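Okay, so here's the structure we're looking at.
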Amino acid sequence: MPKANVKTAAGPAKDIQIVIAGAGGFIGGSLAAYFKAQGFTRIRAVDKKPLSDWYQRVPGVECLCLDLSQEANCKRAVEGAIEVYQLAADMGGMGFIERFRIECLRSVLINTHMIESAYKAGCRRYFYSSSACVYNTDLQKDPKVRALKESDAYPAMSERGYGWEKLISEMFCQEYWAERGMKTFIARFHNVYGPWGTWTGGREKAPAAICRKVIEAIDTGSGRIEIWGDGTRTRSFMYIDDCVKGIDRITHTDALIATPINLGTSELVSINELVTIVEGIAGVKLRRSYDLDAPKGVGGRNSDNTFIRKVLGWEPDTPLRTGLKKTHAWIKSQYELKKAGKKTVD
Ligand code: NAD
């Protein structure tokens with residue numbers, strides 16, 4: 309198929325072929341919905357899960373079920389692609405990435421085949437979803453952590469498994485630009501949460517897990533909540549709408565070619581504070597117990613947003629309480645569907 313006119317004065321032409329890998333999951337599905345709402349007409353969503361398990365199916369978006377750790381499937385996925393958004397990965401919250409390091413490392417197969425296939429297909433812009441887990445863990449021991457700036461990834465001492473895989477895949481992106489001239493864009497996400505994210509089953513992250521536990525405590529009348537770790541660890545959390553907006557802005561800014569950039573908020577909270585916010589939203593006060601043997605991750609992690617403010621004149625800005633209110637309402641509706649024996653996102 310002939311390639312579309314790639315750019316108009318208002319940004320990329322609406323009929324370019326966009327490919328989103330990992331679109332059956334949380335962020336990829338939300339990105340497909342975002343581009344559809346922007347008026348793009350040729351969006352291809354790809355994921356290895358059967359269609360019935362996709363979190364979101366966006367009307368008018370082509371959906372393909374392909375295992376992208378296989379080279380032939382990557383070639384099929386990116387046929388005719390002008391822009392590729394690579395979000396497919398075997399991942400989850402701390403409960404997953406601390407226990408299944410091999411699965412995390414094997415995502416390098418997806419990234420290796422996807423970028424080569426995109427390059428061969430003539431892709432003009434390639435986005436890669438990296439993570440704050442690439443940062444040197446020695447800088448993240450204290451809950452009162454200094455916010456991490458982009459240069460803090462080196463000297464490298466990433467999160468074992470997941471973080472190292474992300475770091476090497478970032479390097480692929482940088483070399484495809486340096487050696488072969490394909491424009492690549494790399495965002496380091498800091499804890500994304502919101503509706504349509506995993507909320508149960510073992511791969512969920514802290515905001516979703518806490519919303520669910522508070523809902524359960526009210527529903528069962530237990531009046532208590534179990535928290536992983538001692539509650540003092542700190543993180544920042546980015547609402548999904550900011551994440552997809554940020555992906556779009558980063559991928560369409562030539563100043564960021566092959567340049568990793570933080571995509572997160574700098575609103576640092578402890579896990580105890582997160583629980584307090586969700587309790588406030590749900591109108592409840594629970595007795596807390598702490599599981600000190602549960603997976604907990606680094607002591608503290610925050611995003612230094614100096615660079616993104618400078619380049620984009622913008623940073624993720626949804627207040628945590630606002631985003632959590634929407635997330636809590638969505639998880640409550642999922643919880644009720646599940647209780648009624650209906651199909652849910654999980
Ligand atoms: P997700 O698990 O909801 O989505 C990932 C999707 O990739 C899943 O639907 C999965 O089926 C798919 N996938 C896995 N292996 C595949 C394969 N071999 N072929 C095709 N599809 C495959 O995760 P998410 O939260 O939407 O994360 C998207 C990306 O962002 C991932 O690369 C993740 O590492 C990165 N990231 C996410 C966060 C976060 O807080 N959610 C933080 C940092 C980085």
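So for the sequence shown, our numbering puts the first residue at 309; every next one is plus one.
For glycine and all other residues, C-beta sits at the position ideal for the given N, C-alpha and C.
What you are looking at is a predicted structure, and each value in this text was computed from that prediction instead of being measured.
Using a Cβ-Cβ cutoff of less than 7 angstroms, which residues in the same chain neighbour residue i once the five nearest sequence positions on both sides are dropped?
| i | result |
| --- | --- |
| F343 | I326 and I351 |
| D654 | T506, W507, T508 and G509 |
| N613 | N570, S574 and E623 |
To the nearest angstrom, how far is the alpha carbon of residue i from that of residue j?
| i | j | result |
| --- | --- | --- |
| L413 | N444 | 17 angstroms |
| Y605 | F480 | Per the sequence shown, the amino acid found at residue 605 is Gly instead of Tyr. Rounded to whole angstroms, G605 to F480 spans 26 angstroms at the Cα level. |
| K311 | A321 | Because the pLDDT at K311 is just 45, under 50, the model does not fix this residue reliably, and the value given afterwards should be weighed accordingly. Computed Cα separation, rounded: 11 angstroms. |
| R532 | G621 | 43 angstroms |
| L447 | E458 | 13 angstroms |
| A345 | D599 | 42 angstroms |
Let me check one thing: in DSSP terms, what residues is residue i bridge-paired to?
| i | result |
| --- | --- |
| Y547 | Y501 |
| A389 | Note: A389 sits in no beta bridge, so no partner. |
| E534 | S597 |
| N610 | None; N610 has no bridge partner. |
| A495 | S437 and I569 |
| P603 | Paired residue(s): none; P603 is not in a bridge. |
For residue i, which residues from the same chain have a beta carbon less than 6 angstroms from its beta carbon, with the 5 sequence-adjacent residues on both sides left out?
| i | result |
| --- | --- |
| S466 | V442, W472 and L475 |
| E377 | Reading the sequence as shown, one finds Ser at residue 377 and not Glu. Answer for S377: L417 and I418, listed in chain order. |
| K449 | G607 |
| T540 | P451 and S578 |
| K491 | R433 and I565 |
Quick check: is any heavy atom of ligand 1 less than 6 angstroms from the C-beta of residue i?
| i | result |
| --- | --- |
| K604 | no |
| K383 | no |
| I335 | yes |
| D398 | yes |
| S611 | no |
| S574 | no |
| I418 | yes |
| N499 | yes |
If you drop the 5 nearest sequence neighbours on each side, which residues of the same chain put their C-beta closer than 8 angstroms to that of residue i?
| i | result |
| --- | --- |
| I585 | V577, L628, R629 and L632 |
I want to know whether the stretch 579-595 touches the stretch 521-540 - three or more CB-CB distances under 8 angstroms. These segments touch.
On the three-pair Cβ rule with 8 angstroms, is the stretch 504-514 touching the stretch 408-428? Not touching, per the Cβ criterion.
The stretch 426-441 touching the stretch 511-520, judged by at least three CB pairs closer than 8 angstroms: Taking 8 angstroms as the limit for Cβ pairs, the verdict is that the stretch 511-520 does not touch the stretch 426-441.
Counting Cβ pairs, one atom from each stretch, are 3 or more of them under 8 angstroms apart for the stretch 551-561 and the stretch 633-646? These segments do not touch.
Would you check if there are 3 or more beta carbon pairs closer than 8 angstroms linking the stretch 434-441 to the stretch 358-370? Verdict: no, contact absent.
Per the contact definition of three or more C-beta pairs closer than 8 angstroms, is the stretch 495-504 in contact with the stretch 618-638? Judged by Cβ distances under 8 angstroms, the stretch 618-638 makes contact with the stretch 495-504, as three or more pairs qualify.
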